[in-house]
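First up is the structure itself, then whatever we jot down about it.
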């Protein structure tokens with residue numbers, strides 16, 4: 001999806017989960033709110049304010065690669081979408097798509113968990129360890 005200026009013909013790509021805000025950027029364009037680990041309020045024009053740069057500034061090298069015997073950190077990169085990929089690529093091909101949502105905790109596997117529209121999930125979409133602990137804690141609290 002995107003925004004198209006009928007007056008000048010300019011087009012701006014907008015992530016599907018973004019919300020266009022009433023707030024304006026210094027350049028005059030509207031800002032959008034996008035969640036990628038944090039909630040970012042950035043300009044529609046990627047040349048003015050880049051979502052990639054904002055996510056990279058917030059999370060580049062924040063998390064260690066979970067692969068055993070790898071001492072790398074996860075870097076924020078664009079590969080089709082935003083990913084957190086091991087800095088030792090191609091020797092280590094660990095990488096995870098950065099989900100739409102806000103980091104809310106740490107998973108038992110060591111990676112962050114995200115609060116998304118569909119619920120809490122680990123950065124590693126195949127991991128279920130982060131969901132086990134809260135369920136056990138909730139059931140213990142009910143006893």
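Numbering (the UniProt record's numbering), first residue to last: 1 to 143.
Beta carbons are placed, not taken as given, at the ideal position from N, Cα and C, and that holds for glycine.
Here the structure is a predicted model, which means the values were calculated and not measured.
Here residue 64 is bridged, per DSSP, to 73. Note that the C-beta distance between residue 14 and residue 36 is not below 8 angstroms. For residue 24, the pairing in a beta bridge is given by DSSP as 30. The continuous alpha helix (DSSP H) containing residue 55 extends over residues 51-59. For residue 86 and residue 112, the gap between their C-alpha atoms comes out near 15 angstroms. Here DSSP, grouped into helix, strand and coil, assigns residue 11 to strand. Around the beta-carbon of residue 68, fewer than 16 other beta-carbon atoms lie within 10 Å, marking it exposed.
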